[in-house]
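Below you'll find the structure, written out as structure tokens, and then a few comments.
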Amino acid sequence: MKKIGVLGWILIGFAVGIIVGAIVGKPITVIRPLGTLFINLLKMLIVPLIFSTLASGVSTFTGGKLGRMIGKTFFWYYLTGVIAMVVALILAGMSGIGTGFPVGELKKVEIKPMPHLVDVGLAIIPTNPIESLAKGDVLPIIFFAIVLGMSIAAAGKVADPLKNFLEAVAETMYKLVGYVLWYGPIGVFALMAVNVGTYGLSILKPYALLIFLVYLANAIQFFGVYPALMRLMGIKPYYYLNKIKASPIFAFTTCSSSATLPVTMRVCKEAGIPDRTCSFVLPMGATVNMDGTGMYQAISAVFLANAFGIQLTAYHYVMIAIIALLASIGTAGVPGAGLIMLSMVLGAIGVPVEGIAIIAGIDRILDMARTAVNVTDDAVATVIIAKTEGDLLPESLLAGKPIS
Ligand code: ASP
35 MKKIGVLGWI
45 LIGFAVGIIV
55 GAIVGKPITV
65 IRPLGTLFIN
75 LLKMLIVPLI
85 FSTLASGVST
95 FTGGKLGRMI
105 GKTFFWYYLT
115 GVIAMVVALI
125 LAGMSGIGTG
135 FPVGELKKVE
145 IKPMPHLVDV
155 GLAIIPTNPI
165 ESLAKGDVLP
175 IIFFAIVLGM
185 SIAAAGKVAD
195 PLKNFLEAVA
205 ETMYKLVGYV
215 LWYGPIGVFA
225 LMAVNVGTYG
235 LSILKPYALL
245 IFLVYLANAI
255 QFFGVYPALM
265 RLMGIKPYYY
275 LNKIKASPIF
285 AFTTCSSSAT
295 LPVTMRVCKE
305 AGIPDRTCSF
315 VLPMGATVNM
325 DGTGMYQAIS
335 AVFLANAFGI
345 QLTAYHYVMI
355 AIIALLASIG
365 TAGVPGAGLI
375 MLSMVLGAIG
385 VPVEGIAIIA
395 GIDRILDMAR
405 TAVNVTDDAV
415 ATVIIAKTEG
425 DLLPESLLAG
435 KPIS
């Protein structure tokens, strides 16, 4: 009999979690700590993993590689982002979603003012890198790791000990990810059981069309758009998606791109993508590249506009696409962050921002699908960039060569 590997057990945990959650219902929430333990273990890895892999990865870039990587990364992030907006808005526009939905009495929602764009840009530069590392501020850490890597490369031989040290930390962290994955089946089981057990069918029913459309849009992106783009770039899409499937499964259960990042990095590495590409494209993507969130925000905005009886014009649709794309960039990779940022889209098209209270009760269900797509989005950009840079490891099937 074929041995069931960790990934097989994780899938079993996922399926059993759904079944147990559906049968037991609300009382299953007592096992929540088992899921939180798993998320904490994953979060523990994020800072040392990003920092060490990115700094050591960038230190190997020569010539114009860094500039080229930045250009390509943002090109692929936002090419898929624009396609996602088109898919979401066609679905939402055609379905008339939200029309006649009872708005009722709305609770007042506290909306934080949006930070100024210049301040956001300046905040990426850490005034104290140690503080950023301690607080886990991902974008400043990425910035510092990139400039450190560049400086290691420029310093040459004297910086070799530092480079070797960072490489050693990176390899050790990948090992640690592997150990944490052993707990994955139990963690995934607990998270899924709690997710499913929390919601009864009666809560979900009025939202059936919204849930269906968000899932459909995400499925189109996942099974249609990404495979098409990968095939166009000479990559075997389903081979790759199968290789990295642990990442969307973990994202679906944890609802956090950031917590899933260590897993995404490991599966992409195992799929034959070198560390330096993974460490460059994935951490940044986990914070600023979220197709799933953008689609959810666009569909939810149309849903709420229709519920409030606001007549949407072509202008509104264009605004929704632009603002949802921007809002998804500003969304943190943690559960529920996309709902808060939805207020930005609503504000832009004149929908009362209190409308987010209507969605809040079922947001976790929508979060699962969008987070799974958010992480896949990053993994797809990574493999395409590795392919175009000629960086895929030669033994990888992705490059069309048999595994030796
Ligand atoms: N939970 C999502 C993520 O981590 C963000 C969101 O709420 O849309 O990717």
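Under my numbering, think of the first position of the sequence shown as 35, with each following residue one higher.
Note that CB positions come from ideal geometry on N, CA and C, so glycine has one too.
In this structure, C289 has its CB closer than 7 Å to one or more heavy atoms of the ligand ASP. Excluding five sequence positions before and after I357, the CB atoms of its chain that fall closer than 7 Å to its own CB belong to M378, V379 and A382, given in chain order. For the options I117, S236, I73 and C312, the alpha carbon positioned closest to that of E423 is the one of C312. Rounded to whole angstroms, the gap between the alpha carbons of A355 and A348 is 11 Å. For V297, the CB stays at least 7 Å from every heavy atom of the ligand ASP.
In the same chain as I180, and ignoring 5 residues on each side of it, the C-beta atoms closer than 6 Å to its own belong to V92, in chain order. For the pair I333 and V248, the CB atoms are nearer than the 8 Å cut-off. When C-alpha distances from S86 are compared across F178, A118 and A253, the shortest belongs to F178.
For D171, the CB stays at least 7 Å from every heavy atom of the ligand ASP.
It is roughly 46 Å from the alpha-carbon of I374 to the alpha-carbon of G190. Taken through DSSP and simplified to helix, strand or coil, M378 comes out as helix. Here the C-alpha atom of I278 lies approximately 42 Å from the C-alpha atom of G343. For the 8 Å CB-CB criterion, L243 and V414 do not form a contact.
Taking 3 residues as the shortest admissible run, the stretch 285-333 contains no complete beta strand (DSSP E) segment at all. For A366, the three-state secondary structure derived from DSSP is coil. Here the stretch 211-231 lies against the stretch 57-77, with 3 or more beta-carbon pairs under 8 Å apart. Here the C-alpha atom of V116 lies approximately 11 Å from the C-alpha atom of L360. DSSP places I180 inside the alpha helix (DSSP H), whose first and last residues are V172 to A189. In this structure, the alpha-carbon of D309 lies about 39 Å from that of I62.
Straight-line spacing of the CA atoms in W43 and I57 works out to 21 Å.
Measuring C-alpha to C-alpha distances from A253 to each of M207, Y330 and T321 identifies Y330 as the nearest. Under the DSSP assignment, K197 falls in the alpha helix (DSSP H) whose first and last residues are D194 to W216. In this structure, G367 has its CB closer than 7 Å to one or more heavy atoms of the ligand ASP. An exposed status is given to Y273, since fewer than 16 other beta-carbon atoms sit within 10 Å of its beta-carbon.
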